[in-house]
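What follows is a short report on a single structure.
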Amino acid sequence: MGRLKKGIRLTIIFILAIGYSLANAQQTIPRFEPGKCPFETQSPLDGLECGKLIVYENRDDPAEGTLHLAVAILHSYSENPEPDPLVFPAGGPGNANVVNTPRYASWDFFNQYRQQRDIILYDQRGTGYSDPAFCPELNQLLSPMDYSGDDPEQVQDRVVSATQDCRDKMLARGVDFSRYNSATSVSDLNDLRKTLGYQQWNILSGSYSARLALTAMRDMPKGIRSVILDATNPPNVRNWVQIPQNFRRSLNLVFEQCMIDESCQAAFPELESNVYNTIQKLEEDPIVMAMEDTTRFPEGRVVLDGDLFIEALFGGLYNRNFIPLIPLFVKEIRESNTNLIQALVNQMAPVTQGPRSNSRGLQYAVYCFEDLPFNPKSLIDSAQNKYPRLRPWYSSGAPRWNRHAICEEWHNVHADSNEFQPVHSKIPALILAGEFDPITPPSYGRIAAKTLHNSSFIEVPALGHGTMTYNQCTRDLVSIFLDSPSEPLDTSCVTDLPPVSFITDVHINGGIYPMAQQIKQGSGPPFLAGLGLIGLLLLTGVLTWSIGHIVKRLRGKKLESKSMHKIARWVVTAASLLGLGFIIGLGYAIQHTASVNPLILAFGLIGSYSWVFLLPWLLAILTLVLMGFAITAWHNKWWSILHRCHFTLITLACIGLISFIGFWDLM
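With mature numbering (1 follows the signal peptide of the UniProt record, and there is no 0) applied, the sequence shown covers -25 to -1, 1 to 642.
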């Protein structure tokens, strides 16, 4: 009996000890809590783990409360992965990251590195699925202002008013604005590494997250094995001041390289003057277009003025696929190609709702803390005055040019001068820059490299903002660097990369892009099923009225003797072949054009496929003839009833195809 009591006491003590340990673990901060992924996937993702990092909002005052930061881990495919994973913070500042995990899981870029390492994604505090929700409505209010064409003073007033409302809401919720900046986020990043149990990791960064990585190298270098910096934004450059100069540099590169490209020079001989003339023309006479998407365009319209045209060029220089199309883009805008404008605005306009949208609140918190003090308005004004032909851009009242007014309302907590010093480090670093990048030019990477004493700098030709993912050369360089970050890197593959190749031969057609978008947005199955049925009917037309006739002849069977019957047979065969040729030709042309450069589809198709657009005209003529033959066949009882029905079905298929072509304006 005594032993039983003793055993019970020991069991109770053991249970209490476990309970105390679990309770204590639950109170430990920082900590990582595994949990359900906050996003949906079409099918389970192998090696996916999700959870939340719990940290103090203010590490100096725990009473301010905690934040839950979303985390997703794509575990390595290897049974014995390297012990140092690859962590990938998002850019912005303010971009969501974890919501993109399903896309990253299918991305060749990440899958190449998952062969050996875990990939870690997280949402910076104040972004995506992480706490706090920094006024999601702010993005919905501010983003459409870029497309409104409204009076600049009215735009500025609305921007400032929306900022004030958000600030008041966040302060009422007890948010401490001083805790939303790169330095604090680096502390979160360091806590994430430690709570996940990694001794070291590698930071893969681009754009604003390169600023985060540099801050980590400066403030918390322990545990960082290596760093990849793409589109670097070092703290010791006045980025707001430099925007006009950086944009002008990139634009001049386009002008210069078009001049030495024979086909570009022949097609667009006055590119530079046309750009500035178009700015002036659109300022005097903007193009106004109706837009169906009232979520991103609440006013139901877009106003293409000089400001939006410049913004399109600026944003286009980020995109490696848009850079070769800039001369053609300028030409089409001068000709008021509204189909193209609608297509590109749909591409440009950001998502304003949901977890994919940018957190403007976090963005302004970071900007106002660490960028504003180093970019005085007097220097910004002076820089803008050097490029007066870009004046519509500066004076638009858009948020990009109102940051000082926004920050006056947002908060008055600023970083000290140490924040603007160059980062000195011996951590191995690979620095990449795109030749045409208009916001973080190659010179920024070179500036960072001067004080990163174990770094390699690479400028990648023909690319804009971001270089890592776009060709096998840069992907392999990152992989080799990760394997041996302290070893000299052979960058010879970069010298073999071709310069930008401007696209000059395009058949302009406004129907290709909206048709492709309709399929992409979920109307694909019924849409393609209908087209497939038409194609199947046309195929039977060829088999029945042409090949079937040949088979009968070879077998010595009696054939129709009336000349009109023969003509009808050959017309239905020719129409079927033309229809099939159009469907197959259009499908192949779209596929091939997209493989060359998917943005060409916003303009039309590669010029060598112009013949595709001739087929509908021939088909339309033959369809009219078929309609006459079909009526005559029933009236005069040609052939058997079965053959007459089939002939009529082929005629209806041709009418359906012509209607489809007309609906999408593919002629």
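Heads up, the beta-carbon is just placed ideally off N, CA and C, and yes, glycines get one too.
If you're wondering where the values come from, they're calculated on a predicted model, not measured in any experiment.
Exercise. Going by Cα to Cα distance, which pick from Ser370, Asn312 and Glu274 is closest to Glu286?
Worked result: That would be Ser370, whose Cα lies nearest to the Cα of Glu286.
Problem set entry | Terminal residues of the beta strand (DSSP E) in which Met266 lies | Premise fails: Met266 is in no beta strand (DSSP E) and is neither H nor E.
Exercise. Where does Asn221 land, buried or exposed, given buried means 16+ other C-beta within 10 angstroms?
Worked result: Buried, since its Cβ has 16 or more Cβ neighbours within 10 Å.
For this session: Sort Trp176, Val212 and Asp471 by Cα distance to Pro58 and report the nearest one.
Result: The residue with the shortest Cα to Cα distance from Pro58 is Trp176.
For this session: Count the other C-beta atoms from every protein chain shown that fall within 10 angstroms of the C-beta of Glu307, then say buried if there are 16 or more, exposed otherwise.
Result: That one is buried.
Exercise. Exposed or buried, what is Ser303 when buried is set at 16 or more other beta-carbons lying within 10 Å of its beta-carbon?
Worked result: It should be noted that the sequence gives Leu, not Ser, for residue 303. Buried is the label assigned to Leu303, since at least 16 other Cβ atoms lie within 10 Å of its Cβ.
Exercise. Is Leu552 helix, strand or coil by DSSP?
Worked result: Correct three-state label for Leu552: helix.
For this session: Could you check what DSSP says for Ala188 in three-state terms: helix, strand or coil?
Result: When secondary structure is reduced to three states using DSSP, Ala188 falls in the helix class.
Exercise. Would you call Lys169 buried or exposed, if buried means 16 or more other Cβ atoms sit within 10 Å of its Cβ?
Worked result: When all chains shown are included, Lys169 counts as exposed.
Problem set entry | Unbroken alpha helix (DSSP H) run spanning Lys256, endpoints | Lys256: member of the alpha helix (DSSP H) spanning Leu246 to Glu259, first to last residue.
Exercise. Can you check whether the CB of Glu345 is closer than 9 Å to the CB of Ser389?
Worked result: It should be noted that the sequence gives His, not Ser, for residue 389. Against a cut-off of 9 Å, the Cβ pair of Glu345 and His389 comes out as a contact.
Problem set entry | Terminal residues of the alpha helix (DSSP H) in which Glu434 lies | Per DSSP, Glu434 belongs to no alpha helix (DSSP H); it is in the beta strand (DSSP E), Ser430 to Val435.
Problem set entry | Ranges of the beta strand (DSSP E) found wholly within the region 302 to 377, counting only runs of at least 3 | The region 302 to 377 contains no whole beta strand (DSSP E) run of 3 or more residues.
Exercise. What's the gap between the Cα of Phe349 and the Cα of Asn429?
Worked result: Taking C-alpha positions only, Phe349 is separated from Asn429 by approximately 27 Å.
For this session: Locate the alpha helix (DSSP H) running through Lys425, then write down its first and last residues.
Result: In the DSSP assignment, Lys425 falls within the alpha helix (DSSP H) that extends over Pro417 to Thr426.
Exercise. Going straight from the alpha carbon of Ala577 to that of Val277, what length do you get?
Worked result: Spanning the two alpha carbons is a distance of roughly 17 Å.
Exercise. Is it right to say Thr3 is buried, meaning 16 or more other beta carbons lie within 10 angstroms of its own, or is it exposed?
Worked result: By the neighbour-count rule (16 or more Cβ atoms within 10 Å), Thr3 is not buried but exposed.
Exercise. For the region 583 to 614, which segments carrying the beta strand (DSSP E) assignment without a break, of at least 3 residues, lie completely within its bounds, in sequence order?
Worked result: None, since the region 583 to 614 contains no complete beta strand (DSSP E) of that length.
Exercise. Which whole-angstrom value is the C-beta distance of residue 682 and Asp280, which I expect to be below 8 Å?
Worked result: Because the chain here runs from -25 to 642, residue 682 falls outside it and cannot be looked at.
Problem set entry | Environment of Asp166 [buried if 16+ CB atoms lie within 10 Å] | Here Asp166 is buried: its Cβ has 16 or more other Cβ atoms, across all protein chains shown, within 10 Å.
Exercise. Which of helix, strand or coil does DSSP assign to Glu24?
Worked result: If DSSP states are grouped into helix, strand and coil, Glu24 belongs with the strands.
Exercise. Out of Leu617, Val600 and Ala608, which has the shortest C-alpha to C-alpha gap to Ile630?
Worked result: The shortest C-alpha to C-alpha distance from Ile630 to any of Leu617, Val600 and Ala608 is the one to Val600.
Exercise. Under 9 Å, do Ala185 and Thr207 count as touching if we go by C-beta distance?
Worked result: Ala185 places its beta carbon less than 9 Å from that of Thr207.
Problem set entry | N-terminal and C-terminal residue of the beta strand (DSSP E) that Glu8 is part of | Counted as a single uninterrupted DSSP element, the beta strand (DSSP E) harbouring Glu8 occupies residues Arg6 to Gly10.
For this session: Can you give me the start and stop residues for the alpha helix (DSSP H) that Ser201 sits inside?
Result: According to the DSSP assignment, Ser201 belongs to no alpha helix (DSSP H) but to the beta strand (DSSP E) extending over Ile199 to Asp205.
Problem set entry | Top-ranked residue by Cα proximity to Ser551, from Gly562, Glu8, Leu590 and Tyr584 | Checking every option, the nearest Cα to that of Ser551 belongs to Leu590.
Exercise. Going by DSSP, which residues form a beta bridge with residue 643?
Worked result: The requested residue 643 is not part of the displayed model; the chain covers only -25 to 642.
For this session: Assign Ile235 to one of two classes, buried (16 or more other C-beta atoms within 10 Å of its C-beta) or exposed (fewer than that).
Result: Under this definition Ile235 is an exposed residue.
Problem set entry | Per-residue DSSP class, three states only, for Tyr31 | It is a strand residue.
For this session: Provide the residue span of the alpha helix (DSSP H) that contains Gly275, from first to last.
Result: No alpha helix (DSSP H) holds Gly275; DSSP gives it neither H nor E.
Exercise. What does DSSP give as the partner residues of Thr479 in its beta bridges?
Worked result: Beta-bridge pairing links Thr479 to no other residue.
Problem set entry | Backbone CA spacing between Ser105 and Asp282 [nearest angstrom] | Cα to Cα, the separation comes out at about 34 Å.
Problem set entry | C-alpha gap between Val73 and Asn211, whole angstroms | Note on geometry: alpha-carbon atoms of Val73 and Asn211 lie some 30 Å from one another.
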